[in-house]
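Trainee: First, the structure itself, so that you have it in front of you.
Protein chains: 2
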Amino acid sequence: MENGVSRDAEGPRRSRGRGSGHWGTTTEERGSAVVDEAVDADAEVVAGREPPSARQPLSRDRIVAAALDFIDSQGLAGLTMRRLGQALGVEAMSLYRYVPGREDLLDAVVEAIIADMQSDEDVLRTPDHGWQDFLQRLAHGVRRVALAHPAAFPLVASRPVEAPWLRPPLRSLEWVEAFLAGLHDEGFDDASAVGAYRAFTSFLLGHLLLEVSALGADVGPLDVLEEDAEPERDDLTEYPLVVRLRAALSEDHSAVEFEEALEELLGRIASMRSAKTP
Amino acid sequence: MENGVSRDAEGPRRSRGRGSGHWGTTTEERGSAVVDEAVDADAEVVAGREPPSARQPLSRDRIVAAALDFIDSQGLAGLTMRRLGQALGVEAMSLYRYVPGREDLLDAVVEAIIADMQSDEDVLRTPDHGWQDFLQRLAHGVRRVALAHPAAFPLVASRPVEAPWLRPPLRSLEWVEAFLAGLHDEGFDDASAVGAYRAFTSFLLGHLLLEVSALGADVGPLDVLEEDAEPERDDLTEYPLVVRLRAALSEDHSAVEFEEALEELLGRIASMRSAKTP
DNA sequence: ACCTGAACACCGTTCAAGT
DNA sequence: ACCTGAACACCGTTCAAGT
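Protein chains in written order, with this note's numbering: chain X, 271 to 548; chain U, 271 to 548.
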């Protein structure tokens with residue numbers, strides 16, 4: 271997965287009806303495009319649609335991957351055991367042979383998302399050009415997976431965490447260990463490594479959650495110069511500054527902001543670092 | 271609402287069974303302790319429990335307040351139109367006279383939470399001792415409401431936002447306007463006010479979401495020196511640094527970290543500020 | 001071994017009907 | 001005017017039964 275999500279343009283997406291905000295369909299890497307035919311089949315459940323011919327057998331991984339695809343394309347709210355089964359050409363009950371239940375499936379989706387990062391070539395398991403480079407790569411890796419799955423990322427952010435040493439979005443022992451070990455190798459003592467971990471995670475969480483939530487946000491009339499031009503959705507006369515700065519507020523500078531704030535954070539972390547090893 | 275949630279002690283909470291994590295019952299300010307009797311009545315739905323005597327009439331506000339209480343005490347997952355009706359001594363269908371549906375109810379709960387801040391005496395609508403003081407008070411006000419409603423705060427963080435100029439957790443035109451106007455009065459130009467708004471919101475979102483999610487996190491054996499002492503829940507031998515730093519990682523320094531990071535942020539914002547007005 | 005039909009308890013929501 | 005009963009379509013989940 272090295273599709274350059276680093277382009278900050280791409281423009282804000284639009285989604286009219288609250289709650290059904292289809293984000294751009296992001297069906298890369300994970301195979302099984304099976305899900306795609308369920309799009310818009312919301313009300314139309316044709317009986318024997320799926321040819322039961324050469325269906326590969328179910329498996330936990332296939333189910334989890336299909337669930338992620340489903341969330342990416344239909345949104346989290348649309349994910350239902352029954353619909354997921356349908357997307358896989360199977361009855362819902364079959365899923366329970368591989369997955370204990372819906373909640374556990376969602377946890378598995380979260381795991382799958384952060385596991386994606388393991389295969390990101392730009393992310394290092396251990397620093398080789400200094401800790402700043404290490405953290406830069408890690409941060410960008412997490413950002414790439416967040417932007418690849420904007421509808422699923424809130425799960426990563428909000429699912430209850432099992433242990434206090436796992437902080438979203440770095441919610442895997444693997445990455446926490448890699449983080450701590452990396453900084454330790456680079457001369458951080460225990461306290462500063464832990465401090466850096468805390469600062470790093472809260473930075474990532476805030477930035478990325480806002481970035482993906484902006485992807486779903488309605489952009490409002492003005493930027494597109496709509497045809498019908500409803501005078502104003504709400505009455506904004508009480509909020510003159512919001513009105514005046516509306517364009518500025520709606521501009522998407524998330525990529526540069528991310529870069530700048532990350533730079534700042536690295537500076538802050540540098541000042542936490544013990545000066546033992548140069 | 272000025273109950274000092276500023277004490278950072280209070281210790282980490284415990285919650286064994288995944289998904290049913292009752293946080294500390296936070297039934298302050300908003301009246302209607304009605305909800306409390308629904309606790310643990312999960313399976314036991316006694317028929318004519320509620321004395322239909324002097325029930326005050328339903329109203330949208332009463333419903334929204336009850337929903338918030340319900341989430342605070344039972345968790346978001348437990349909130350059901352039917353159960354909420356029951357908590358209010360009414361059938362679920364009655365709610366639809368006042369609230370369009372469950373989704374809109376959740377939006378209303380989010381509104382209610384951030385509206386809470388309007389009545390926080392420490393939060394200023396307009397700066398009177400400089401912008402730093404203004405933002406300090408605002409940040410702490412938001413933190414207080416987050417900590418007052420840890421189970422509901424993820425809603426504030428994750429609900430789809432209607433417009434790109436509303437950034438969680440400051441998702442109300444009132445506060446965005448107040449923020450921009452405040453900084454403007456203090457000599458910020460448009461670009462730096464907008465930049466400050468962005469930096470401020472992502473800082474708050476990351477910190478507070480992590481703080482409330484830690485409240486629900488299982489703390490694991492070790493800190494309480496449990497009686498039975500199961501050897502280890504998972505095998506952590508592959509993660510030596512996590513094990514070694516486990517205590518440090520589990521310590522709750524959120525209050526001081528918040529303070530320090532906020533201080534840093536204010537410094538960063540100061541450097542964005544135009545130097546026109548001293 | 002793997003999938004399904006039928007069933008259960010529970011949802012959100014509508015609407016005609018009660019008081 | 002305000003609430004409810006009954007109903008509908010849809011859930012998650014279980015389990016005996018099919019192949």
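The beta carbon of each residue, even a glycine, is placed where N, CA and C say it ideally should be.
Here the structure is a predicted model, which means the values were calculated and not measured.
Of all the options U/Gly465, U/Ser541 and U/Ala378, which has the alpha carbon lying nearest to the alpha carbon of X/Glu527?
Mentor: Measuring from the Cα of X/Glu527, the nearest candidate turns out to be U/Gly465.
Trainee: Could you give the first and the last residue of the continuous alpha helix (DSSP H) run that contains U/Glu521?
Mentor: That residue, U/Glu521, is in no alpha helix (DSSP H); it is neither H nor E in DSSP.
Trainee: Which residues of the stretch 430 to 447 of chain X have a Cβ closer than 9 Å to any Cβ of chain U? Give them in chain order.
Mentor: So the close ones are Pro430, Val431, Glu432, Ala433, Pro434, Trp435, Leu436, Arg437, Pro438, Leu443, Glu444, Val446 and Glu447.
Trainee: By the DSSP assignment, the alpha helix (DSSP H) with U/Ala469 in it spans what residues?
Mentor: Its alpha helix (DSSP H) spans residues Asp460 to Gly486.
Trainee: Straight-line CA distance for X/Pro438 to X/Ala362?
Mentor: Approximately 30 Å between the Cα atoms of the pair.
Trainee: What does DSSP give as the partner residue(s) for U/Leu440 in the beta ladder?
Mentor: Its beta-bridge partners are U/Arg437.
Trainee: DSSP state of X/His454, grouped into three classes?
Mentor: Residue state, collapsed to three classes: helix.
Trainee: Taking the alpha helix (DSSP H) that U/Asp374 falls in, what are its first and last residues?
Mentor: Start and end: Arg372 to Asp386.
Trainee: Using a Cβ-Cβ distance under 8 Å, would X/Gly294 count as near chain U?
Mentor: At X/Gly294, the pLDDT of 31 sits below 50, so the modelled position is not reliable; the number obtained from the coordinates is stated separately. No, X/Gly294 lies away from the interface with chain U (no Cβ there is under 8 Å from its Cβ).
Trainee: Give the DSSP-derived three-state secondary structure of X/Gly359 in the structure shown.
Mentor: Coil at X/Gly359, not helix or strand.
Trainee: What would DSSP say about X/Asp403, mapped onto helix, strand or coil?
Mentor: Helix.
Trainee: Determine whether the Cβ of X/Thr471 lies closer than 8 Å to any Cβ atom of chain U.
Mentor: Output row for X/Thr471: interface = yes.
Trainee: Residues in the same chain with beta-carbon distance under 6 Å from X/Leu532, minus the five sequence neighbours each way, listed in chain order, please.
Mentor: So the qualifying residues of the chain are Ala409.
Trainee: Return the first residue and the last residue of the alpha helix (DSSP H) that U/Leu338 is part of.
Mentor: It spans Arg330 to Gln344 - the alpha helix (DSSP H) in which U/Leu338 sits, taken as one unbroken run.
Trainee: Under the assumption that U/Ile341 contacts U/Ala469 (Cβ atoms under 8 Å), give the Cβ distance between them as a whole number of angstroms.
Mentor: At roughly 29 Å, the Cβ-Cβ gap does not stay under 8 Å, so U/Ile341 and U/Ala469 are not in contact.
Trainee: Pull up the distance between the alpha-carbon of X/Ser462 and that of X/Ala487, whole angstroms please.
Mentor: Near 37 Å, if we compare the C-alpha coordinates of X/Ala487 and X/Ser462.
Trainee: Near X/Pro430, what residues of its chain come up, given a Cβ to Cβ distance below 6 Å and the 5 sequence neighbours on each side ignored?
Mentor: If we look at X/Pro430 and ignore the five residues flanking it on each side, it has no Cβ neighbours.
Trainee: Any idea what DSSP makes of U/Arg353, helix, strand or coil?
Mentor: Note: U/Arg353 maps to helix in three-state DSSP.
Trainee: Is it buried or exposed for U/Glu521, if we count other Cβ within 10 angstroms and need 16 for buried?
Mentor: Counting Cβ neighbours within 10 Å, U/Glu521 comes out exposed, since fewer than 16 surround it.
Trainee: Closest by CA to X/Arg414, which one among X/Arg395, X/Ser389 and X/Asp398?
Mentor: Looking at the Cα atoms, X/Ser389 is the closest of the given residues.
Trainee: Does the Cβ-Cβ distance between U/Val380 and U/Leu425 come in under 8 Å?
Mentor: Result yes, Cβ atoms of U/Val380 and U/Leu425 sit closer than 8 Å.
Trainee: Find the residues of chain X that neighbour U/Asp488, judging by a C-beta separation of less than 7 Å, and give them in chain order.
Mentor: Per Cβ cutoff of 7 Å: Glu432 and Ala433.
Trainee: Taking 8 Å as the CB-CB cut-off, is U/Gly476 touching chain X?
Mentor: True, the Cβ-Cβ gap to chain X drops below 8 Å.
Trainee: Give me the subset of the stretch 409 to 432 of chain U whose CB atoms are less than 8 Å from a CB atom of chain X, sorted by chain position.
Mentor: Going along the stretch 409 to 432 of chain U in chain order, one finds Pro424, Ala427, Ser428, Pro430, Val431 and Glu432 with a Cβ nearer than 8 Å to chain X.
Trainee: Of all the options X/Arg372, X/Ile383 and X/Ala517, which has the alpha carbon lying nearest to the alpha carbon of X/Leu417?
Mentor: Selected option, being the one with the closest Cα: X/Ile383.
Trainee: With a cut-off of 8 Å on the beta carbons, I'd call U/Leu443 and X/Tyr509 a contact; round off their distance for me.
Mentor: Confirmed, about 5 Å.
Trainee: Beta carbon of X/Phe423: closer than 7 Å to some heavy atom of the ligand GTP?
Mentor: In terms of ligand content, the structure shown is empty, and the ligand GTP therefore cannot be addressed.
Trainee: Shortest alpha-carbon distance to U/Leu375 belongs to which of U/His399, U/Leu349 and U/Val393?
Mentor: With distances taken between Cα atoms, U/Leu375 lies closest to U/Leu349.
Trainee: Using a Cβ-Cβ distance under 8 Å, would U/Arg516 count as near chain X?
Mentor: Yes, contact with chain X.
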